[in-house]
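Asker:
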Amino acid sequence: MRCSICGAKLKKEEGDICVNCYKEYQEEEELKKDVNEQLRIKRKYSISYEILKYMEIIVIFLLTIVVLLLSGKIFETVLLIGISLIILGFLFFIDKRIAIGTLAIFYEKKVTYTFKFLFFNVKKTIKYSDISDVRVFQTHRQKKFGYGDLCIYGKGIIPGSSFINGFQIKNIENVLDALVEVGKIVELEKKQK
Ligand SMILES: [Zn+2]
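Right, dumping it as structure tokens:
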């Protein structure tokens, strides 16, 4: 007889599936029962941060508009104002949609990550026992707002290289507090000992 899931040879005393697959099945069932929410983390969207983020583009638009206006080109000025508003509106809109579609929910033993944007629809569930590290990255602009990117690394992945076994949420509000809370829930200290 062979295991009906992985195909491994079965010993006589085993049933339809092997010990390993049974363990995995039990773990999955155990995870499904874990519905006690501890923490929700979202990507933050704010107009003031968006303005800072796209500062260079805004400055270039403004300077060009001023130059056009001073040289008396009224039609070009109005046209450029229109184009500027459309481009910035589009950039802001995309960031807003991404923020709405991004969410991590931390339960007692697992975290679920969802990302929905256009045709992307990612959903991941990661056991805390499979998390190897949690880190925060902040740019200067993010620091001004207390924002940062929270990165959850799965085991077997070199931090910074890939998120295949983990995920990243950008622009989290009060990110350093969030990091402490996530560290407690995931019990990161225990792992690092
Ligand atoms: Zn098996």
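Under our numbering, think of the first position of the sequence shown as 1, with each following residue one higher. Cβ atoms here follow ideal geometry from the backbone N, Cα and C, with glycine treated the same way. Given the structure is predicted, the values throughout are model-derived calculations rather than measurements.
1. Taking the Cβ atom as the reference point for each residue, do LEU150 and VAL180 lie within a distance shorter than 8 Å?
2. From ILE65 to ALA104, what does the alpha carbon distance come to, in whole angstroms?
3. LYS123 by DSSP, collapsed to three states: which one?
4. How long is the line joining the alpha carbons of MET55 and VAL78, rounded to whole angstroms?
5. Taking the Cβ atom as the reference point for each residue, do GLY101 and PHE115 lie within a distance shorter than 8 Å?
6. Helix or strand or just coil, what does DSSP make of THR139?
7. Could I get the ranges of all uninterrupted alpha helix (DSSP H) runs contained in the stretch 4 to 59, with 4 residues as the minimum, in chain order?
8. Between the beta-carbon of LYS124 and the beta-carbon of ARG43, is there less than 8 Å?
9. Measuring only the C-alpha atoms, how far is LYS11 from GLN26?
10. Is ILE152 near ligand 1, going by C-beta to nearest heavy atom under 7 Å?
11. Taking only heavy atoms of ligand 1 into account, decide whether any of them is closer than 7 Å to the Cβ of GLY174.
12. Which residues neighbour ligand 1 when neighbourhood means a C-beta less than 6 Å away from any of its non-hydrogen atoms? List them by chain order.
13. In this structure, does DSSP put TYR89 in helix, strand or coil?
14. Skipping 5 residues on each side, what residues in its chain have a beta carbon closer than 6 Å to that of SER84?
15. Which stretch, first to last residue, makes up the alpha helix (DSSP H) that contains GLY183?
16. Compare the C-beta of LYS123 with all C-beta atoms of chain D and state if any pair is closer than 8 Å.
Answerer: So, from the listed chains and residues:
1. no
2. 42 Å
3. LYS123: strand per DSSP, three-state reduction.
4. For MET55 and VAL78, the gap between their C-alpha atoms comes out near 21 Å.
5. yes
6. THR139 falls in the coil class under three-state DSSP.
7. 19 to 33 and 47 to 53
8. no
9. 19 Å
10. No, the beta carbon of ILE152 sits no closer than 7 Å to any heavy atom of ligand 1.
11. Reading off the sequence, residue 174 comes out as Asn, not Gly. No - ligand 1 has no heavy atom lying nearer than 7 Å to the Cβ of ASN174.
12. CYS3, ILE5, CYS6, ALA8, ILE17, CYS18, ASN20 and CYS21
13. Residue 89 is actually Gly in this sequence, not Tyr. Looking at GLY89 - three-state DSSP - the assignment turns out to be helix.
14. PHE61
15. 175 to 186
16. No chain D is present in this structure, which holds just one protein chain.
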